[in-house]
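What follows is a set of notes on a single structure, which appears directly below.
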Ligand code: SF4
Ligand SMILES: [Zn+2]
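Dropping the structure here:
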């Protein structure tokens, strides 16, 4: 691990490194899809994900690229229910719904609380609704939304890493204690949480990346989350590309993702998923990529550790 960075790693520097933002329409989700996920009751069900277009997250984390599909000003009134309504007809088979907003669902400037009721009514047929939340924004507003839902609420929180120095450098303005407090708060109100864990954030070598991802999963489960999703860190947001050029960041390998997923599942403490979005970015071998991808997909769905893919690479 390098001792320190030559960059300020603050909000101003992170924002200054950004490439262009994508054109985002406040009346359309910027993406949506339906996929299978192993749900809390251990049944594989169709799960819809709607990527809502809304005001950019108030935090500016070093590794984040979600701002690319956000609005620069406050979300217009009525935009979020409109977006949800526009794609729900394509999700008739889904039992679980992720309303991901590239930030915190409970951020008032992204999703005004006056719209919770309409949103809750639109999604009333789902067994579970999953939203994202920064620990500092998990509060009474979360309970207010939970009370309106017919199904169960689950809140996904980016723990990222429990390495205190690296967590500070990620500019998330959050400590592991903040994370624990948020999980406690949710558990006390019978709301499930899942943790996003980074695999190999900047300033770590491959071995350290794997080590800290494993420790972070253990920590998240100890603190009471029910599910962990491991996210291999990628470049592409400006800051991460600069750090990569300076040797301060490298993408983790697919093998490391497999190792961390298997480890997390072996704890038998809750569901553990590998994020397979843009998975090809982490592959160094065409010959075994499809097999590795298929193994990860299966492991995500059945939470069974199977024989590793063997390849001459
Ligand atoms: S809190 Fe989440 S969405 Fe907001 S900048 Fe950080 S990683 Fe991105
Ligand atoms: Zn290979």
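Residue numbers (the working numbering): 391 to 703. Note that beta-carbon positions come from the ideal geometry of N, C-alpha and C, so glycine has one too. Because the structure is a prediction, the values reported are computed rather than measured.
Item	Value
If residue 475 sits next to residue 494, beta carbons under 8 angstroms apart, how far is it from one beta carbon to the other, in whole angstroms?	Actually they do not touch by this definition, with Cβ atoms about 22 angstroms apart.
If I'm right that residue 434 touches residue 691 with Cβ under 8 angstroms, what's the distance once you round it to whole angstroms?	5 angstroms
Rank 608, 477, 614 and 506 by C-alpha distance to the C-alpha of residue 440 and give the top, closest one.	477
Report the three-state DSSP secondary structure of residue 664 (helix, strand or coil).	strand
Looking only at DSSP bridge pairs, what is residue 440 linked to?	422 and 489
Thinking residue 619 and residue 587 are a contact (beta carbons under 8 angstroms), I'd like their distance in whole angstroms, please.	7 angstroms
Could you give the DSSP three-state label for residue 392: helix, strand or coil?	Caution is warranted here: a pLDDT of 48 is assigned to residue 392, below 50, making its placement in the model unreliable, and the coordinate value is therefore given only provisionally. Residue 392 falls in the coil class under three-state DSSP.
Spatial neighbours of residue 699 within its chain, please: C-beta separation below 7 angstroms, excluding the five flanking residues on both sides.	678, 681, 682 and 685
Assess, as a yes-or-no matter, whether the stretch 494–510 is touched by the stretch 552–559 under the definition of 3 or more beta carbon pairs within less than 8 angstroms.	no
Sorted by chain position, which residues of the same chain lie with C-beta nearer than 7 angstroms to residue 549's C-beta, five sequence neighbours on each side aside?	569, 585, 586, 587, 606 and 610
Between which residues of its own chain and residue 392 is the CB-CB distance below 7 angstroms, once the five residues before and five after are set aside?	Interpretation of residue 392 is limited by its pLDDT of 48, a score under 50 that renders its predicted location unreliable; the figure taken from the coordinates is listed afterwards. Here the set comprises 593 and 638.
Would you call the CB atoms of residue 409 and residue 599 closer than 8 angstroms?	no
Rounded to whole angstroms, what is the Cα-Cα separation between residue 625 and residue 455?	8 angstroms
Would the stretch 484–504 count as touching the stretch 525–542 if we require 3 or more Cβ pairs under 8 angstroms?	yes
With 16 other CB atoms within 10 Å as the buried threshold, where does residue 602 fall?	buried
Am I right that residue 436 and residue 424 are in contact with their C-beta atoms under 8 angstroms? What's the rounded C-beta distance?	5 angstroms
Indicate the three-state DSSP secondary structure (helix, strand or coil) for residue 702 in the structure shown.	coil
Determine the contact status of residue 450 and residue 464, defining contact as a CB-CB distance below 8 angstroms.	no
Are residue 525 and residue 469 closer than 8 angstroms when you measure CB to CB?	no
If you measure from the CB of residue 450, is any heavy atom of ligand 1 nearer than 7 angstroms?	yes
Can you give me the C-alpha to C-alpha distance between residue 567 and residue 702, rounded to a whole angstrom?	44 angstroms
Which runs of the beta strand (DSSP E), 3 residues or longer, sit entirely within the stretch 575–606?	582–589
When you compare each of 694, 407, 643 and 650 to residue 668 by their alpha carbons, which one comes out closest?	643
Compute the Euclidean distance between the alpha carbons of residue 660 and residue 614, then round it to the nearest angstrom.	10 angstroms
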